[in-house]
Structures are given as C-alpha cells and as structure tokens.
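For the sequence shown, the numbering used here assigns the number 1 to the initial residue and increments by one for each residue that follows.
A virtual CB, placed ideally from N, CA and C, is assigned to each residue, including glycine.
One structure is given below, encoded as structure tokens.
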Amino acid sequence: MKSVGIICEYNPFHNGHLFHLQKIKEMFPKHLIILVVSPSFTERGEISVINKWDKTQIALEAGIDLVIELPFPFATQSADMFAKGAVQLLEHMKCEYLVFGSESNNIEILNELANIQLNNSEYNTLVNMYLQDGVNYPTALSKALHQISQITISEPNDLLGLSYVREIKKNNFNIKPITIKRTNSYHNLNINSNIISASAIRNLINHNENIDNFIPNYVSKYVNKNNYQGKLLELLKYKIISDNNLSIYQTVDEGIENRILKNIDKCSSLEELILSIKTKRYTYNKISRMLIHILCSFTKADAARMKEIEYIRVLGFNKNGQNYLNKNKNNFSIPVITNCKSFDNPMLNLEHKISNIYDLITDNNFKDKLEKPIIKED
C-alpha cells in the first residue's frame with residue numbers, strides 16, 4: 001500500500017485543514033494518509049487548544065488513516081528542527097509523498113532555494129552577516145536567499161516548506177514534496193470566509209467568540225475554550241523566580257535570561273511578558289518557545305541528546321492504518337510504539353512529563369503513559 005504524509009499541528013483542526021485533506025484525497029485516491037501531529041505544545045510556543053488524543057480522534061474522523069506523534073524536542077523548536085523531526089518520521093514510515101500548504105505554491109522555487117542553502121557557500125556567510133546586524137534568523141535567511149537568487153521568500157508556510165524540502169534533499173530521503181495553494185495567510189486575523197487561519201480562530205477563542213463557522217461540526221466539542229493563560233503565567237512566574245540558572249534551558253541564550261528576570265514581576269499577562277522580553281533579534285515566537293522550554297525544564301543538554309527521532313509513537317489508526325503497520329512491521333528501522341508501558345526511552349519519558357504539565361495547565365485528566373492508540377472502527 002502506497003502512502004502520502006502530512007505534517008500539522010491542528011491547533012485547532014479547521015475548515016482549511018479539511019480542504020487540505022480533501023485535495024490530497026483527490027490527488028491520491030488510493031494512498032494511505034499518514035499524519036505527523038504536534039501533541040501538547042506547538043512550534044510557536046503555544047499550548048494546543050486540543051489535546052493530542054482528541055486531535056487523533058478528529059484526524060481519524062476526517063479520514064486520516066494513521067496518526068503519529070511528533071516528540072516535544074522537535075515540536076517546540078524552530079522550523080528547521082520541527083521539519084527535521086517530522087520529515088524523519090515520514091521517512092521511517094516509508095512515506096512516498098509529503099503534501100503541505102504553501103503561499104507561493106511553487107515547488108520549483110522551493111527546490112531552487114533549498115539547493116542554494118545546501119550547496120552555495122555564500123549563503124551561510126550572508127546569513128551570519130545579517131545575524132550580526134541584529135536581525136532575527138527568519139529575516140536573515142530571507143535576505144540571504146534574496147541576495148543570491150533575487151527570489152523573496154517570507155511567508156511562514158513557504159519558509160516551513162523550504163525546511164521540509166531541504167531536509168529531504170540533505171538526507172536523500174525517498175519522499176517527494178508536493179505543495180497545495182494555501183488559501184489564507186498563517187498570521188492573518190481577518191475573517192472574510194469560512195476558511196480562516198488557526199491564529200484567527202485562537203484569537204476568537206481568547207475573546208470568547210463563536211468559532212463554529214470555521215471548524216467542522218465534529219470538532220467543536222473537543223476545543224478547550226477556557227482561558228488558561230493566567231494559570232500558565234503563574235506557573236511560569238514560579239518556575240522562573242525559583243530557578244537559580246535559567247541559562248541551562250534550551251533557546252535561553254546570549255544573556256536573555258537577564259531580561260526575563262528583570263521583567264517577570266512587572267507583567268500581568270503572558271503577552272505582556274513576551275513583549276517585554278522581545279528584541280529585534282528575538283521574535284515573539286522564539287520568546288514563546290523559550291518560555292515553554294523553561295516551564296517544561298527542557299535543557300540544552302536534553303536537546304543535545306535528542307537530535308534524532310528514536311521511535312515512532314502511534315496515536316491512532318483505522319483499519320487501513322493497522323494493515324499498513326502490520327505489513328511493514330519488519331521493515332521499520334526504529335521501534336514502533338503502541339504500548340508505552342513496555343518501552344523505556346528518555347525522549348518518550350520526557351513526552352510523558354510534558355503531557356502531565358499540559359494536563360496541569362488545561363485541566364485535562366489523561367495518564368499519557370497508560371494511553372494506547374485510538375482505533376477507529378469501520
């Protein structure tokens with residue numbers, strides 16, 4: 001059975017995601033669909049408004065055949081690490097295609113830019129030059145590529161897609177990347193159709209607005225519409241104030257911990273804290289990820305030990321997904337985990353801890369280590 005992969009956060013699953021899935025089914029009507037999904041926290045450093053098990057239930061309901069967890073060390077880092085973990089998982093799963101949303105919808109341009117990043121020595125020189133000028137990494141990347149190719153790439157899905165393509169090329173993976181035109185901007189908060197960005201939907205949730213027009217009807221019951229930002233800030237304050245050395249945590253670099261300590265007592269909201277720390281070089285999202293790493297005690301030593309995908313954790317499947325796993329069980333190059341109690345691994349143990357922290361913030365009641373994959377019956 002042939003397979004096509006998608007990489008999503010589903011924070012939350014919305015009409016745009018459903019459109020994406022429908023297009024994939026039109027393109028690959030006989031292929032199995034494998035989803036790599038972020039679990040509790042996201043690449044932007046946010047708490048998911050849907051827990052991992054409900055995401056899995058939604059994905060199976062929407063027609064995905066097999067759901068795989070993207071571990072925390074990859075799910076909450078920059079686009080490059082996010083892409084590395086997700087694409088590695090799809091390669092381990094013997095996936096033939098990766099289909100992702102793109103603002104430009106031009107795979108040829110993404111291939112060209114990925115080749116520059118991998119093969120043009122001038123690229124790294126230019127990136128370092130722009131970083132020394134004080135700009136953030138995504139801007140430095142965009143400027144360097146434009147200077148070499150005269151091509152401008154700055155939209156978030158194109159940048160993430162470029163990371164996917166580069167990871168595939170760098171490792172000679174047997175995956176073919178394919179784009180689908182994204183119907184709106186990732187950061188766009190405007191509401192002008194029934195397909196709007198996840199950011200816009202989360203903004204509506206934060207303002208206690210109705211989101212039913214923008215998500216499939218089977219999703220609404222799973223969305224956590226409680227405001228837990230205050231609780232998150234309290235836990236962060238306790239962690240930061242009581243910790244003797246913030247610099248040990250992943251992405252806490254260049255003395256930024258001093259700005260954190262200086263402002264932690266002055267802020268009454270999480271957004272206020274992030275904006276007080278933010279600089280030209282440190283983006284809002286980078287600060288958000290940094291705070292999540294501090295909250296979860298994810299250290300630089302942890303990150304150094306967890307640079308490669310070590311297992312495939314299955315969150316759910318239907319009959320087709322189950323058949324795919326059974327057919328390929330002797331061909332996977334890393335362990336496939338369906339029963340966590342019988343598998344001891346530092347990365348998986350970290351994931352259980354992260355799930356407990358997520359549950360503490362959101363008042364979920366899962367015992368992640370005891371959870372087995374969700375099986376969708378026909």
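Euclidean distance between Cα positions of residue i and residue j
i: N120; j: S220; result: 47 Å
i: E26; j: Q250; result: 41 Å
i: I334; j: H352; result: 19 Å
i: E271; j: N206; result: 12 Å
i: F173; j: S269; result: 44 Å
i: F317; j: F100; result: 21 Å
i: I199; j: S40; result: Reading off the sequence shown, one finds Ser at residue 199, where the question assumed Ile. If I take the Cα positions, the gap works out to 17 Å.
i: L236; j: Q88; result: 32 Å
i: D3; j: I116; result: In the sequence on display, residue 3 carries Ser and not Asp. Those two C-alpha atoms are separated by around 29 Å.
i: V36; j: E91; result: 11 Å
i: N330; j: I361; result: 39 Å
i: Y186; j: S154; result: The pLDDT assigned to Y186 is 45, lower than 50, so where the model puts this residue is not dependable; a value taken from the coordinates is nonetheless given after this. In a straight line, the C-alpha of Y186 is about 12 Å away from that of S154.
i: L18; j: D359; result: 27 Å
i: P73; j: A304; result: 10 Å
i: S387; j: I7; result: The requested residue 387 does not occur in the structure, where the chain is confined to residues 1 to 378.
i: Y123; j: L145; result: 7 Å
i: A62; j: L21; result: 8 Å
i: N11; j: S342; result: 30 Å
i: E209; j: M129; result: 45 Å
i: T279; j: K23; result: 40 Å
i: S247; j: A140; result: 24 Å
i: K286; j: L261; result: 17 Å
i: V49; j: A301; result: 29 Å
Cβ-Cβ separation, residue j to residue i (assumed contact under 8 Å), whole Å
i: L70; j: A86; result: 5 Å
i: N336; j: L325; result: Checking the sequence shown, residue 336 turns out to be Val, not Asn. Yes, they are in contact, since the Cβ atoms of V336 and L325 sit about 7 Å apart, within 8 Å.
i: T338; j: K369; result: Not quite, the Cβ-Cβ distance comes to about 13 Å (not below 8 Å), so this is no contact.
i: R313; j: I58; result: Actually they are not in contact, since the Cβ atoms of R313 and I58 sit about 18 Å apart, beyond 8 Å.
Sequence-distant residues of the same chain with beta carbon closer than 6 Å to residue i, five excluded per side
i: E43; result: F82
i: R259; result: I277
i: D158; result: S102, E103 and S104
i: M347; result: P71, M306 and E310
i: M93; result: I34
i: S367; result: Position check: residue 367 holds Lys in this sequence, whereas Ser was assumed. Same-chain partners within the cutoff: there are none.
i: I64; result: I33 and L35
i: L204; result: I211
i: C296; result: I354 and I357
i: A75; result: S38
Environment of residue i [buried if 16+ CB atoms lie within 10 Å]
i: P156; result: buried
i: N171; result: exposed
i: M290; result: buried
i: E308; result: exposed
i: D344; result: exposed
i: S355; result: buried
i: T56; result: buried
i: N51; result: buried
i: I375; result: exposed
i: L315; result: buried
Beta-carbon contacts of residue i that lie in its chain and below 8 Å, excluding the five residues immediately before and after
i: D378; result: N318 and K319
i: I175; result: G5, V87, L90, E91, C95, E96, Y97, L98 and I168
i: N213; result: N194
i: N136; result: K280, R281, Y282, T283 and K286
Sequence-distant residues of its chain with Cβ nearer than 7 Å to residue i (five each side left out)
i: R182; result: G101, S102, E103 and N157
heavy atom of the ligand GDP below 8 Å from residue i C-beta
i: I24; result: In terms of ligand content, the structure shown is empty, and the ligand GDP therefore cannot be addressed.
Query raised in the report: Do three or more CB pairs link the segment 19-35 to the segment 205-217 at distances below 8 Å?
Result: no
Query - Inter-stretch contact at 8 Å, needing at least 3 Cβ pairs: the segment 161-169 / the segment 101-110 - result: yes
Query raised in the report: Do three or more CB pairs link the segment 91-98 to the segment 145-152 at distances below 8 Å?
Result: no
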